[in-house]
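Sequence order for the protein chains is G and A. Terminal number for the first sequence in our numbering: 525, no gaps in between. Terminal number for the second sequence in our numbering: 1050, no gaps in between. Just so it is clear, CB atoms sit at the ideal spot from N, CA and C, and this is done for glycine as well. This structure is a prediction, so every number in the text was calculated from the model and none was measured.
2 protein chains.
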Amino acid sequence: MINHPTRRSILSMIGAAAGSSAMYAAMTSLGHAAESPYNGPIKLDGDPKGAKVLILGAGLAGMTAALELRAAGYEVEILEYREKAGGRCWTLHSGDSYTELGGATQKVDFAEGNYFNPGPWRIPHHHHALLDYCRRLGVTLEPFIQGNQNAYLHSSNAFDGKPMRFREINADYRGGISDLLAKATNAGALDEAVSPADREALMASLKYYGVLDDEFNYRKGDHLSAYRGWAKWPGGGADARPEPSEPIDFATVLQSKLWSKLLEDQVTDHQETMFQPVGGMDRIAAAFEKQVGDLIKYNCKVTQIRQNDGGVTVTYVGSDGTSEPRTASGDWCVCTIPFSILSQIEADLSSEMQSVVDNMPYAEGTKFGLEFKRRFWEQDEHIYGGITYTDLPITLISYPSTGYQSDGPAVLLGGYPWGAISNQFTAMSPQDRIKWALEYGSHIHPQYMDEFKTGVSVVWHRVPWTLGCYGLWRDREANYDQATKIDGRILMAGEHVSYLPAWQEGAITSALDAISRLHDRVING
Amino acid sequence: MINHPTRRSILSMIGAAAGSSAMYAAMTSLGHAAESPYNGPIKLDGDPKGAKVLILGAGLAGMTAALELRAAGYEVEILEYREKAGGRCWTLHSGDSYTELGGATQKVDFAEGNYFNPGPWRIPHHHHALLDYCRRLGVTLEPFIQGNQNAYLHSSNAFDGKPMRFREINADYRGGISDLLAKATNAGALDEAVSPADREALMASLKYYGVLDDEFNYRKGDHLSAYRGWAKWPGGGADARPEPSEPIDFATVLQSKLWSKLLEDQVTDHQETMFQPVGGMDRIAAAFEKQVGDLIKYNCKVTQIRQNDGGVTVTYVGSDGTSEPRTASGDWCVCTIPFSILSQIEADLSSEMQSVVDNMPYAEGTKFGLEFKRRFWEQDEHIYGGITYTDLPITLISYPSTGYQSDGPAVLLGGYPWGAISNQFTAMSPQDRIKWALEYGSHIHPQYMDEFKTGVSVVWHRVPWTLGCYGLWRDREANYDQATKIDGRILMAGEHVSYLPAWQEGAITSALDAISRLHDRVING
């Protein structure tokens, strides 16, 4: 009765003979499983014979280096500017306060347990190193909702400024291009490009993909409404028949430009499944700090980095600048200080390395954490997590991916402008930033003004320990290799020394690479 | 410095004058927020003066009716066939046992805390009534991952049976049709269908949507790899530059037919965000049962339903058929017994209603809960929740949307064949079903055989209390209205009396509709 598989694949034969490990190895060699430059916990074999590594910065790069170097037998010391570890892996919790460059202090007045991640806020499924450290260090993860088809696409210049549901634009755009391509194919326009057999498969696929009717038109009906949503949604009992919705005219969809956000959750960095730590991104920093906190000297502002053939000596003062200069030294130094800061520190670097350090601008970025009295986006609009995109300067609104359906106040990300548009917020007082975030957001959620409770903002060019959001390469092809060289006895690490700028995965993998090269030098000379 | 919004929308003006409630009402009247036939908790005003309603079945429909009718002042009694409430809202937990029609008993040998939902397993974001009951009754929800771009699309007849990542087929199909439509547009094939201004927007949109190069070709490169995945993924430190992957030839994509699963997470019922209760779907049943458990008589097998102008009298025996017949009665009866069962019970129904009851086949459906020693899909293949689709008879594999990265055994849904393909499993012994689920699944995950621990299967035509998965309408247009009529003193409710067949939302909203009509009759005659 069962259709027995008519042939066994090579894989099944390998599997029968050799068990699943061999089979998985075979799959990998067929190119189907290989994916990540991270292949599990780093192995640093060989005795470093008490060599000491001085690490500058206790962000994820610095703490990764410290954790693994100590495990490999090194003596390790970390100098950290702040009073706690984590760097940009940072969460503002209820009761925290934060003073930005310029002196403005914000008290975080959120309800107990509420929080806001000013820095990284989501973890892609393919950031294998970060995920593996979360696993090893016991950080509990929950899904971060990136793509929510019931959230909005909004343009001030389309649909009279009325936000549209993502699913409406998504289905209507997909239907519109499928309809056009079916017409062109039927008209013979693709006879040269597509063989007859492929043409048949193409037409069948367009009918499915565009949700076209039997005449290959994208046209109002039940089938289509099952994708774009209904005018009246189906229910139970009497009078429960759904009513189909009216698709938007394709020319209107095109001219709205709202299609320009349809791939936001289709890029690998944003593809479902994504994660966030339960309780805030800084749970990752805290888990690392639990391991290496005893190696960290806090509140140390590095003022000078000297090196010679024998090692590295760093001078530092208290972060408030008042204490007497002290020194720390090591045989080697892993420097994770952002180049935006490092370029202002007197350091014995080669002229080539100094030039790379001096020529890296840092990205602008602003984030707003807004707390409202209730989850009106869930209660009134049925938006559970995910992101609304807008052409207003706030660029997006991201709804919390946790505590769904709970009562009481909740915090959403009220905007994440980056690049040039962020500068207007950099120049404002914290109060004005919140005022404008609310003003813009209320064009999408009119409940904003009535429901607002409190807010906090972080403009990254005013963050004292980074002076920017993440490193930008002016010419990565020309300069990247230099940044990854061992410069005398100093190695650079951090997101800025990676092809994953701004991502925690970049910081961690750059640190793993740096200490692996350092260890090789120590062991093999 | 800020671009002040140059004009205020109607909504903002309303908002300034009247606060957010008025504004939200205005939005709704503009058609932008209206969405659900469920508009919050039901209100049953007026005194039923002690009228008694007898409810048959303690699934979600029956318990919803009981909860709301008691709150409105009715006397309520529920007869339930099983030893517990919930009906198809059902979870098999470690330690449970289940005896199917035919007598085979399966012991659920999962590790402590592991479970499997044989019935409903996910909650769409627009199932407002169900979500609202979860909120009111304190059922904690977590995201159910439906669409996972790192899961597989698999066909025995394509790519030598090798599973492909969803993201690869997704990006390459989207790129392929965008490339073709751009070519057709450039060749003038759409000059009549599309105005010059729209043509420009169309080309810009295709370049974005298809990730085309400057010549509007879908061609190997970094930009494209950011969507379909990389040959070598980006990392940090030296030698971290990513390498672009090779897109699949479009004709191969078309002939693979794997595009036929690309919209699985695009239909409203499966669109992100979806939910599941923490701990198993039966947490919903348990939450209802906590409210109305005192009204339920368990282990009652209804044998006869009599009615006259004065009320309804039901005869029942013990579920094992051994006890003496007893009776229960009410002024009215809400009958949630599936028509597959009701058609076998002697009942005083109008001939029109009896005909509807007798002519509803029930859908086939089989589910496999397979427990493995470890989460190899996460550890080896980086698949966190979501669904792999296959043309093998198991049809899909759904990975657990909970406990990510945890050690120890975990349970996945090893298949969900429904319709005709399910029948082959109905005929097998539970042992053989698991054997075949493993055999088929191992074509996708060669780790299956080595890592398998234990499994359980439910074929819905062998479930004694439903004899099928959900009600199918032979001719809904002709017969639906009859099913929702008050038949003397009996009303039907359940997923089968809804436009949301198989869904819990259909059961709940049909019950709400039934009691609302019943109450109107009681109050207004």
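If we count the other Cβ atoms within 10 Å of its Cβ and call it buried at 16 or more, is residue i buried or exposed?
{"i": "A/Q972", "result": "buried"}
{"i": "G/R462", "result": "buried"}
{"i": "A/K632", "result": "exposed"}
{"i": "A/P886", "result": "exposed"}
{"i": "A/D883", "result": "exposed"}
{"i": "G/P41", "result": "exposed"}
{"i": "G/E505", "result": "buried"}
{"i": "G/S498", "result": "buried"}
{"i": "A/E903", "result": "buried"}
{"i": "G/S355", "result": "exposed"}
{"i": "G/T28", "result": "The predicted position of G/T28 is uncertain, since its pLDDT is 43 and thus under 50; a value taken from the coordinates is nonetheless stated next. Exposed, since its Cβ has fewer than 16 Cβ neighbours within 10 Å."}
Report the neighbours of residue i on chain A: residues whose CB is nearer than 8 Å to its CB, in chain order.
{"i": "G/V267", "result": "A751 and Y752"}
{"i": "G/R241", "result": "Y1005 and Y1024"}
{"i": "G/D513", "result": "G760, G761, G762, A763, D764 and A765"}
Taking Cβ-Cβ distances shorter than 8 Å, what residues in chain G pair up with residue i?
{"i": "A/W784", "result": "S205, Y208 and Y209"}
{"i": "A/G1013", "result": "Chain G residues near A/G1013: none, gap ~17 Å exceeds 8 Å."}
{"i": "A/Q930", "result": "L131, C134, R135 and L141"}
Going by alpha carbons, who is nearest to residue i out of the options?
{"i": "G/L101", "options": "G/P120, G/K84, G/S429 and G/L396", "result": "G/S429"}
{"i": "G/T426", "options": "G/P400, G/A363 and G/P501", "result": "G/A363"}
{"i": "G/Q405", "options": "A/G628, A/H650, A/G933 and A/N1004", "result": "A/H650"}
{"i": "A/L655", "options": "A/G1013, A/P802, A/G818 and A/Q796", "result": "A/P802"}
{"i": "A/L820", "options": "A/L579, A/P573, A/L569 and A/D570", "result": "A/L579"}
{"i": "G/A507", "options": "G/L44, G/K84, G/R88 and G/A72", "result": "G/R88"}
{"i": "G/R199", "options": "G/G210, G/L56, G/A85 and G/T185", "result": "G/T185"}
{"i": "A/V827", "options": "A/I870, A/A1039 and A/T665", "result": "A/I870"}
{"i": "G/D487", "options": "G/M449, G/N217, G/T313 and G/S351", "result": "G/S351"}
{"i": "G/E526", "options": "G/Q149, G/L181 and G/T105", "result": "For residue 526 of chain G there is no data in the structure shown, the boundaries of chain G being 1 and 525."}
{"i": "G/A437", "options": "G/L370, G/R326 and G/K232", "result": "G/L370"}
{"i": "G/Q424", "options": "G/M449, G/K435 and G/P393", "result": "G/P393"}
{"i": "G/L258", "options": "G/N524, G/G161, G/S343 and G/T313", "result": "G/G161"}
Measure the Cβ-Cβ separation of residue i and residue j and say whether it is below 9 Å.
{"i": "A/H1044", "j": "A/L594", "result": "yes"}
{"i": "A/L1016", "j": "A/C860", "result": "yes"}
{"i": "A/T793", "j": "G/Y227", "result": "yes"}
{"i": "A/Y995", "j": "A/E1020", "result": "yes"}
{"i": "G/E77", "j": "G/A285", "result": "no"}
Express the C-alpha separation of residue j and residue i in angstroms, rounding to a whole number.
{"i": "G/L500", "j": "G/A158", "result": "34 Å"}
{"i": "G/R135", "j": "A/R766", "result": "26 Å"}
{"i": "G/S398", "j": "G/S510", "result": "29 Å"}
{"i": "A/A550", "j": "A/E740", "result": "Caution is warranted here: a pLDDT of 44 is assigned to A/A550, below 50, making its placement in the model unreliable, and the coordinate value is therefore given only provisionally. Roughly 48 Å between the two C-alpha positions."}
{"i": "G/H127", "j": "A/H748", "result": "19 Å"}
{"i": "G/S401", "j": "A/W615", "result": "27 Å"}
{"i": "A/E814", "j": "A/S844", "result": "19 Å"}
{"i": "A/E976", "j": "G/Y74", "result": "38 Å"}
{"i": "A/T665", "j": "A/G846", "result": "38 Å"}
{"i": "A/G701", "j": "A/F775", "result": "6 Å"}
{"i": "G/L79", "j": "G/V211", "result": "59 Å"}
{"i": "A/S967", "j": "A/P688", "result": "11 Å"}
{"i": "A/A586", "j": "A/A610", "result": "11 Å"}
{"i": "A/L1037", "j": "G/G235", "result": "10 Å"}
{"i": "G/R283", "j": "A/A712", "result": "56 Å"}
Residues of chain A with a CB under 7 Å from the CB of residue i: which are they?
{"i": "G/H382", "result": "E560, H650, H651 and H653"}
{"i": "G/R517", "result": "A763"}
{"i": "G/S510", "result": "G761 and G762"}
{"i": "G/A201", "result": "L779 and Q780"}
{"i": "G/T484", "result": "G762 and A763"}
{"i": "G/I145", "result": "P668, E797 and T798"}
Closer than 9 Å by beta-carbon distance: list the chain G residues that pair up with residue i, in chain order.
{"i": "A/D723", "result": "F250, A251, L254 and Q255"}
{"i": "A/R607", "result": "None at all; the shortest Cβ gap to chain G is about 22 Å."}
Does the ligand ZN have a heavy atom nearer than 8 Å to the CB of residue i?
{"i": "A/L655", "result": "Absence of the ligand ZN is noted for the structure shown, with no ligands found whatsoever."}
Who are the neighbours of residue i on chain D, taking C-beta pairs under 7 Å?
{"i": "G/K183", "result": "Of the protein chains in this structure, namely G and A, none is chain D."}
Residues of chain G with CB closer than 7 Å to the CB of residue i, please, in chain order.
{"i": "A/Q674", "result": "Q271 and E272"}
Which residues in chain A sit within 9 Å of residue i, going by Cβ to Cβ distance?
{"i": "G/A507", "result": "G761"}
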